[in-house]
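Protein chains: 2
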Amino acid sequence: MQHTITVLVENKFGVLARVSGLFARRGFNIESLAVSITDDPTVSRMTIVVGGDNTVLEQISKQLNKLIDVIKVFDYTGLPVVERELAMIKVNAEAKNRAELMQIVDIFRGKIIDISDRSFTIEVTGSLDKVNAIESLLSPYGIQEMVRTGKIAMIRGARLG
Amino acid sequence: MQHTITVLVENKFGVLARVSGLFARRGFNIESLAVSITDDPTVSRMTIVVGGDNTVLEQISKQLNKLIDVIKVFDYTGLPVVERELAMIKVNAEAKNRAELMQIVDIFRGKIIDISDRSFTIEVTGSLDKVNAIESLLSPYGIQEMVRTGKIAMIRGARLG
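Protein sequences, first through last, are from chains X and Z. The opening position of the first sequence corresponds to residue 1 in the working numbering, with each subsequent residue numbered one higher. The opening position of the second sequence corresponds to residue 1001 in the working numbering, with each subsequent residue numbered one higher.
In structure tokens:
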């Protein structure tokens, strides 16, 4: 089972190494990770997607909460969330395929953000499933390169409290 | 100076800890990091934004290349790239402010992806500067929560070779 966790940490060096070290020591594989600044420059926010059952997740949460520099841990399992990831996909685009490719991009509400005589670079945002779906539709044309941000997530509705 | 590096690594556990440990030991602060799968399930792709001069970057590159499980390191400094990040911003949205907020979202080609009686959640993609710009335009309304993926990057044009 996949879980999504958000970890708010002090924006200091070494924090990322401590957090990822904890996952590695426990043998948990991180499926995706996005770390960036927040509106408070002293705080970074990590969104971690990790596999494992609920017991495993509880352990991770407890261990994370013990780490210095960890401010807060949220586990979104079972909660109503909005979640998105961003992907850029560079695909073979010869003249004869362009119309077809543009249709696929339209259907997924993607954008073509770069073009060369042999390629399109497409930007698309959505759930993991949506990104997987466009990837599999594009792959017959030949994907030259793909990069994904990993998922970010937020509880639906106004902030509690 | 900010540098953007892409590191292709074997998708095994512990790799992230080794890479982030290297940055921590050398005292380099990672400003953002995005790690996700690629079209090859055995390979993960990390996009790292890090501060430092060119000498520092060369050192990092060399050290990374020595790490087991690191397949390839690219430094995009000075090269033509397309780069994007994704942000979700939850902002106070009372009825009287909604029209104004929707204008800002339109100008930045964002999307409103969740709504409650007191808030909008906005999705926006773009350069770091664009995300910073919409953040500062929204902040007078009161940002309840923000999450950013960190930057991902790709060389412009078709894949070389």
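Think of the CB as a built atom: it goes at the ideal place given N, C-alpha and C, for glycine as much as any other residue. Nothing here was measured: the structure is a model prediction, and the numbers come from that model.
Quiz item: Which residue comes first and which comes last in the beta strand (DSSP E) that contains L1067 (chain Z)?
Solution: Run containing L1067 (chain Z): none; DSSP gives neither H nor E here.
Quiz item: Between the segment 23-38 of chain X and the segment 1030-1049 of chain Z, do at least 3 Cβ pairs fall closer than 8 Å?
Solution: yes
Quiz item: From what residue to what residue does the beta strand (DSSP E) around D1114 (chain Z) run?
Solution: 1111-1115
Exercise. Would you verify that the beta carbon of V1009 (chain Z) is, or is not, closer than 8 Å to some beta carbon of chain X?
Key: no
Quiz item: Is the number of C-beta pairs between the segment 75-95 of chain X and the segment 125-142 of chain X that are closer than 8 Å three or more?
Solution: yes
Exercise. For Y1076 (chain Z), collect the residues of the same chain with a Cβ closer than 6 Å to its Cβ; drop the 5 residues on either side in sequence, then sort them by chain order.
Key: T1004, A1153
Practice problem: Decide yes or no for the touch test of the segment 64-73 of chain X against the segment 90-108 of chain X: beta carbon pairs closer than 8 Å, at least 3 of them. | Solution: no
Self-check item: Cutoff 6 Å; reference N54 (chain X); Cβ partners in own chain excluding five residues on either side
Solution: none
Quiz prompt | Inter-residue spacing [alpha-carbon to alpha-carbon] between I1060 (chain Z) and T42 (chain X) | solution = 24 Å
Quiz item: Using the beta-carbon count (16 or more within 10 Å), is V1050 (chain Z) buried or exposed?
Solution: buried
Exercise. List the residues of chain X whose Cβ lies closer than 8 Å to the Cβ of V1035 (chain Z), in chain order.
Key: I30, S32, L33, A34, G150
Quiz prompt | chain X residues whose Cβ lies nearer than 7 Å to that of E1094 (chain Z) | solution = Residues of chain X passing the Cβ test: none, with the nearest at roughly 11 Å.
Quiz item: DSSP beta-bridge partners for K1072 (chain Z)?
Solution: Z:L1008
Quiz prompt | Strand pairing of R45 (chain X), partner residues [DSSP] | solution = X:L8, X:S36
Quiz item: For G110 (chain X), does the count of other Cβ atoms within 10 angstroms reach 16, so buried, or fall short, so exposed?
Solution: buried
Practice problem: Below 8 Å between beta carbons is the criterion; list the residues of the segment 1064-1081 of chain Z that meet it against any residue of chain X, in chain order. | Solution: none
Self-check item: Whole-angstrom C-beta distance between Q1144 (chain Z) and S1119 (chain Z), which should lie under 8 Å
Solution: 6 Å
Quiz item: So, is the C-beta of S127 (chain X) closer than 8 Å to a C-beta in chain Z?
Solution: no
Quiz prompt | Host beta strand (DSSP E) of M88 (chain X) (start-end) | solution = 81-92
Quiz item: Going by the beta-carbon positions, is the gap between G1027 (chain Z) and F13 (chain X) smaller than 8 Å?
Solution: yes
Self-check item: Nearest residue (CA-CA) to Y141 (chain X), options X:R156, X:L101, X:V105, X:R18
Solution: X:L101
Quiz item: Under the three-state reduction of DSSP, which class applies to A133 (chain X): helix, strand or coil?
Solution: helix
Quiz item: For L1079 (chain Z), does the count of other Cβ atoms within 10 angstroms reach 16, so buried, or fall short, so exposed?
Solution: exposed
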